[in-house]
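Written out below as structure tokens is the structure these notes cover.
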Amino acid sequence: MIICNKIKRRGMTIMEVLIAMAISAVVLTGIAALIIGSVRINNITNDRREAAELAEKKIEELRRIGFSALASGADTVGSYTREWVVSEISGKPRIKYIEVTIRWNDSKDREHVVVFNTTIYRNAYPYKS
């Protein structure tokens with residue numbers, strides 16, 4: 003009769019623990035990089051969305067003031083600088099071209115720019131000229 007002396011192993015060896023820790027460190031570093039990248043992209047997206055909203059609001063404001071009162075200008079809204087240029091189109095006295103430019107700097111002091119443009123048509127009706 004053969005008797006096997008098998009020793010039941012309980013727990014892990016130091017080598018197994020070190021390998022598990024190394025794998026965990028690599029995985030956690032990758033996850034941290036993904037989180038940091040997604041936060042940065044989220045901030046950029048929010049800034050661009052807010053800049054687009056500011057440009058759209060200015061265009062709507064310019065549409066409401068009337069064709070003859072349209073003029074170029076600039077202002078600052080929070081950390082955004084908003085500039086609008088109103089131009090006449092050669093040979094088309096009833097149409098004006100408007101370009102709204104929004105500028106801001108991010109947390110790393112890099113400048114970002116969003117530009118919207120449109121045309122406004124003078125209505126033939128006298129109620130708003």
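Each residue of the sequence shown is one higher than the one before, starting from 3 at the first, in my numbering.
We treat Cβ as the ideally placed atom computed from N, Cα and C, and that holds for glycine.
CA nearest to the CA of residue i, picked from the options
i: Lys94; options: Arg50, Ala22, Arg124, Asn44; result: Arg124
i: Arg42; options: Asn119, Val29, Lys110, Val116; result: Lys110
i: Thr83; options: Phe69, Leu72, Leu64, Ala57; result: Ala57
i: Ser81; options: Ala71, Ala53, Arg65; result: Ala53
Strand pairing of residue i, partner residues [DSSP]
i: Thr121; result: Tyr99
i: Asp77; result: Arg84
i: Ile91; result: Lys94
Neighbourhood of residue i by C-beta, 6 Å cutoff - its chain only, sequence neighbours within 5 removed
i: Tyr99; result: Ser89, Ile91, Thr121
i: Asn107; result: Glu113
i: Ile97; result: Ile91, Thr121, Tyr123
i: Phe118; result: Ala57, Val102
Reduced DSSP secondary structure (H/G/I, E/B, other) of residue i
i: Arg112; result: coil
Residues of its chain near residue i, where Cβ-Cβ distance is below 8 Å and the 5 sequence neighbours each way are ignored
i: Ile67; result: none
| request: Quick one: which unbroken alpha helix (DSSP H) runs of 4-plus residues sit fully inside the segment 8-52? Chain order, please. | output: none
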